[in-house]
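Student: Okay, handing you the structure first.
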Amino acid sequence: MSTLIAERHPSDSLFRADRLPHIWCPGCGIGPAMHAFAQAMVESGIPLARHVCVSGIGCTGRVSGYLNMDSYHTTHGRAIPFATAIALVKPELEVTVYSGDGDLFAIGGNHFIHAARRNVDINVICINNFNYGMTGGQVGPTTPMGARATTAPFGNYEQPFSLPYLAAATGAVFVARWTSLHLRQLKQAMLRAMKKRGFTFIEVLAPCPVGFGRPNDIGDAMEEMTLYRERCVVDPVAPLDSLGIDLREKDHPIILGNFVDIERPVFDPLAMMRPAPENNAVGKRQEGQ
Amino acid sequence: MKGEPAVLTGQHFLLGDHACAEGALAAGCRFFGGYPITPSTEVAEWLARRLPEVGGLFVQMEDELASMAAIVGASVAGARAMTATSGPGFSLMMENLGLAAMMEVPCVVINVQRGGPSTGLPTLVGQADVMQARWGSHGDYEIVAYSPASPQECFDLTVKAFNTADRFRIPVLVMADEVVAHMMERVTIPPAEAIPRVERKRPRQGPGDNGFLPFKADDDLIPPMVHAGEGYRVHFTGLTHDERGYPALTAPAHDRLVRRLVDKVRLRESEIVEYEEYRLEDARVVIIAYGSTARSARRAVGLAREQGIAAGLLRPITLWPFPAERVKKLAERVRAFVVPELNLGQVSREVERFTSLPVLGVNHAGGAMMPPEPILEAIREVAG
């Protein structure tokens, strides 16, 4: 029997303790990132009742169910359009989509690029563990080249997405990448995202010792984190097209940082739907209305 | 943005699609998420102009998956929300229609039916989505589907769809067809205070109550609905869940939940079912027809009676739940049923479940309105 060190944790009220134990494997990176999110919510100064968490399906999709807040565990890939509508109907709410790489960028990829393009006022936090964890370690759109997965037994041969590059290109106003080892920086990025209006994106690289580490002979979670840490370089001004991840080459850095922090009109249909030809018209109506 | 009021009280000459849109506005719909698709696009175009006038949100989403997800999201935030689509888009919406059923989130989907399967006949009429409406999303659930036969009914039934959705916390379908949706007729819109309004049941406890169970149903099997941002800290999931809303992935929990989702509608069927009867008093042959086909069937009744055959029409206004009790009752005193429809036999199968009398289908795969003549022929055949 292990000894209980403390009856209560300061963050207990933020989690649904009656749902423990959680489903995540030992060494999984989702838990620490979820804790950073909970702390960021508290420090944001926005009352917890005004925070909403929406997730899709998968290991990370379960985050919404462990947080003691208004939370919606939707269908696979559809968290973003679901969250978009909540944010539009109740603009006073701080809406965060918390989901995984497969959910957000394979089955949900279309929704991601369009919400970024519109600059919908939501935060998207993506736990990227390079594979489909819940279904047992299949290859996904962020699996690095060469990495093995149950559906890529000879190694992945598809070019993966560079998520910060994609987010920046499609219009996100805040784009960051950290790992579940960089919890202070991650929390700061989350705080910045919560302060900003518009579509923000944070990628969190997280170990998945069972789904990704094991088939790739990486070892346990500590070894996977060590592998990432040794390659991490914080460089917020790195060119966006240099942010791709390649684990095959030891000297290929994993670049971290807050890469984008810009302002752009926030998606607000009622305010934007103004018949204002002097500003918006395209074509002949521009002249002499 | 200033403009017309939400309820356009008065007499209008309206397209069926536009009448659906006005029905939604009159019912208090303030969120539309949709994707253009023939022959339902006019619903979106009309609402793109009208919703901002009444402070509502119109969002053209990136596809029908997103459209359906968005209206469920809008509804959990407290808005009355709707989308409109046709066959191919309806297929994509099945995913989150199931989510709405599982999370018990009221919303309205208008499906203007065209010829299918697949891209089929984009601009031409069909009625072949009847069974998809009932069984389209995976798993067991109950659905309510209205079938308008005129622009006036497009208005009335869209209003009703919102009330039924909110009353039962379910997605409700308005299963129009291309002929009805692209037909212009007089539509009377009543004064705002005469538009029926059924509100969602809301929790009686405040958010501070620790014992509050967001998915604990009352005796009517319907739990009160909590909206996002009200402080209740609710969890909604598409997973099988318990009364707390927490995932409960066991056989007993699943049976308990799915049975309740089904029973909350099934046990109230008699309060939901609607139909219209035309010259059934002395009828020996009963036509069962819906949507645009019911208009031709009405004509066929007249033609048959001119030839001395006592024909009548039963027009289901709710396709789901189906007016089974009425069919059973009629079967006690008539000789046969004739079921014309623009598909190769969907409602006729349903009728066969409730009678041992002859049921003669009059079928066409779609592409043109059903003419009265083949219906008349069928009536003559079964009348002997």
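Here the protein sequences come in this chain order: A and B. Letter 2 of the first sequence, counting from 1, is numbered 0 in the working numbering, and no numbers are missing. Each position in the second sequence, counted from 1, maps to that position plus 14 in the working numbering. Just so you know, even glycine gets a beta-carbon here, dropped at the ideal spot from N, CA and C.
Indicate whether A/G59 and A/D101 have their beta-carbon atoms separated by less than 8 Å.
Tutor: Yes, they are a contact pair.
Student: State buried or exposed for B/H26, treating a residue as buried only when at least 16 other CB atoms are found within 10 Å of its CB.
Tutor: B/H26 is buried by the Cβ-count criterion.
Student: Among residues of its own chain, excluding the 5 on either side of B/M108, which ones have a beta-carbon nearer than 7 Å to its beta-carbon?
Tutor: G150, S151.
Student: Candidates A/I120, A/G56, A/A165, A/T133: which alpha carbon is nearest A/G107's?
Tutor: Nearest C-alpha to A/G107: A/A165.
Student: So, is A/I84 buried or exposed, given that buried needs 16 or more other C-beta atoms within 10 angstroms?
Tutor: Looking at its Cβ environment, which holds 16 or more other Cβ atoms inside 10 Å, A/I84 is buried.
Student: In the DSSP assignment, find the alpha helix (DSSP H) that holds B/D191 and state where it starts and stops.
Tutor: Where B/D191 is concerned, there is no enclosing alpha helix (DSSP H), although the beta strand (DSSP E) it sits in stretches over 185 to 191.
Student: Using Cβ-Cβ distances below 9 Å, what residues of the stretch 64 to 79 of chain B are close to chain A?
Tutor: Cβ contacts with chain A: L65, P66, G69, G70, L71, F72, V73, M75, E76, D77, L79.
Student: Pull up the DSSP beta-bridge partners for B/R274, would you.
Tutor: B/R274 pairs with nothing; no bridge assigned.
Student: Under 8 Å between C-beta atoms, does B/G37 make it to chain A?
Tutor: Closer than 8 Å: no.
Student: I need the straight-line Cα distance from A/H250 to B/L275, nearest angstrom please.
Tutor: If you take the alpha carbons of A/H250 and B/L275, they lie about 53 Å apart.
Student: Under a Cβ-count criterion, where at least 16 other Cβ atoms within 10 Å of its own Cβ denotes burial, should B/Q10 be classed as buried or exposed?
Tutor: Summary: the structure shown does not reach residue 10 of chain B, with chain B confined to residues 15 through 398, and so no result is reported for it.
Student: Less than 6 Å between C-beta atoms, sequence neighbours within five positions excluded: which residues of the same chain meet that for B/A397?
Tutor: Here the set comprises V299, I323.
Student: What do you reckon, are the CB atoms on B/G129 and B/A303 nearer than 8 Å?
Tutor: No; because the gap between Cβ atoms is not below 8 Å, this pair is not in contact.
Student: Show which residues of chain B have a CB atom less than 8 Å away from the CB atom of A/R48.
Tutor: Correct list: G243.
Student: With the cut-off set at 8 Å, would you say B/A142 and B/I124 are in Cβ contact?
Tutor: No; because the gap between Cβ atoms is not below 8 Å, this pair is not in contact.
Student: Does A/H112 get closer than 8 Å to chain B when you measure Cβ to Cβ?
Tutor: By this cut-off, A/H112 is an interface position.
Student: In the DSSP output, what is A/T177 paired with across the bridge?
Tutor: A/L203, per the DSSP bridge assignment.
Student: How would you list, in chain order, the residues of chain B whose beta-carbon sits under 9 Å from the beta-carbon of A/V95?
Tutor: The contacting residues do not exist; A/V95 stays about 11 Å from chain B at best.
Student: By a C-beta neighbour count over all protein chains shown, 10 Å radius and 16 as the cutoff for buried, is A/Q287 buried or exposed?
Tutor: Note that A/Q287 scores 46 on pLDDT, short of 50, meaning its location in the model is unreliable; the coordinates nonetheless yield the value given after this. Flag for A/Q287 reads exposed.
Student: Using a beta-carbon distance below 8 Å, is B/G252 in contact with chain A?
Tutor: Output row for B/G252: interface = yes.
Student: Quick check on A/V122 - is its C-beta less than 8 Å from some C-beta in chain B?
Tutor: Chain B contact via Cβ: absent.
Student: From B/R214 to B/P372, what distance separates their C-alpha atoms?
Tutor: B/R214 and B/P372: Cα-Cα distance of roughly 43 Å.
Student: Could you name the residues of the stretch 38 to 57 of chain B whose beta carbon sits closer than 9 Å to any beta carbon of chain A, in the order they occur along the chain?
Tutor: Residues passing the 9 Å Cβ filter: R44, F45, G47.
Student: Would you tell me roughly how many angstroms separate the C-alpha atoms of B/A42 and B/T55, rounded to the nearest one?
Tutor: Checking the displayed sequence, the identity of residue 42 of chain B turns out to be Gly instead of Ala. Their backbone Cα atoms lie some 20 Å apart in a straight line.
Student: Identify whether B/M96 lies in helix, strand or coil by the three-state DSSP scheme.
Tutor: Here B/M96 sits in strand by DSSP.
Student: How about B/P337: is its Cβ closer than 7 Å to a heavy atom in the ligand SAM?
Tutor: You won't find the ligand SAM in this model; it holds no ligand whatsoever.
Student: Among B/V315, B/M383, B/Q146, which has the Cα closest to the Cα of B/A392?
Tutor: When only C-alpha atoms are compared, the closest one is B/V315.
Student: In terms of alpha-carbon separation, which member of A/R116, A/D259, A/N121 lies closest to A/A38?
Tutor: Comparing Cα positions, the closest option is A/N121.
Student: Can you name the residues of chain A whose CB is closer than 8 Å to the CB of B/G17?
Tutor: Near B/G17 there are no residues of chain A at all, since even the closest Cβ is about 11 Å away, more than 8 Å.
Student: For B/L356, which of B/P385, B/R367, B/K343 has the nearest alpha-carbon?
Tutor: The residue with the shortest Cα to Cα distance from B/L356 is B/P385.
Student: Under 9 Å, CB to CB, which of the residues in the stretch 79 to 93 of chain B have a partner in chain A?
Tutor: Flagged, chain order: L79, A80, S81, M82, A83, A84, I85, V86, G87, A88, S89, V90, A91, G92, A93.
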